[in-house]
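Take 29 as the starting number for the sequence shown in this note's numbering and just add one per residue. Cβ coordinates follow ideal geometry from the N, Cα and C atoms, glycine included.
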Amino acid sequence: MQLRHLAEAEQHIARGTQHISDQELRIAEFDFRGHDSTLARSLLETFRITQAQYVAHRDHILRELGL
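In structure tokens form, the structure reads like this:
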């Protein structure tokens, strides 16, 4: 059961990393074109907070497994 949760946590982390990267590219494009990137930056911060939660959850699972 915990190994399945670990695999799911790793998938969430991988997807979160991609979301962050994609959003950073969007922000760079907005800035390059002179568009307001305020909302995009806010969303990026939300992605980063969520990513930290994913990592903390994964680390918790690893501790429970003794890894």
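Taking the alpha-carbon positions, what's the residue i to residue j distance?
i	j	result
L93	R54	38 Å
M29	T78	23 Å
H40	A56	24 Å
Y82	D64	29 Å
Please determine, among the options, the residue with the shortest C-alpha to C-alpha distance to residue i.
i	options	result
T74	H47, H85 and I89	H47
G44	R76, R32 and D59	R76
Quick one: what's got a C-beta closer than 7 Å to residue i's C-beta in the same chain, skipping five residues either side?
i	result
A35	none
H85	A37
Q51	A68, L71, L72 and F75
Could you tell me if residue i is buried or exposed, where buried requires 16 or more neighbouring beta carbons within 10 angstroms of its beta carbon?
i	result
A80	exposed
Report the CB separation of residue i from residue j in whole angstroms; it is logged as a contact under 8 Å.
i	j	result
A37	I89	6 Å
F60	A68	Contact doesn't hold; Cβ gap of about 13 Å is too wide.
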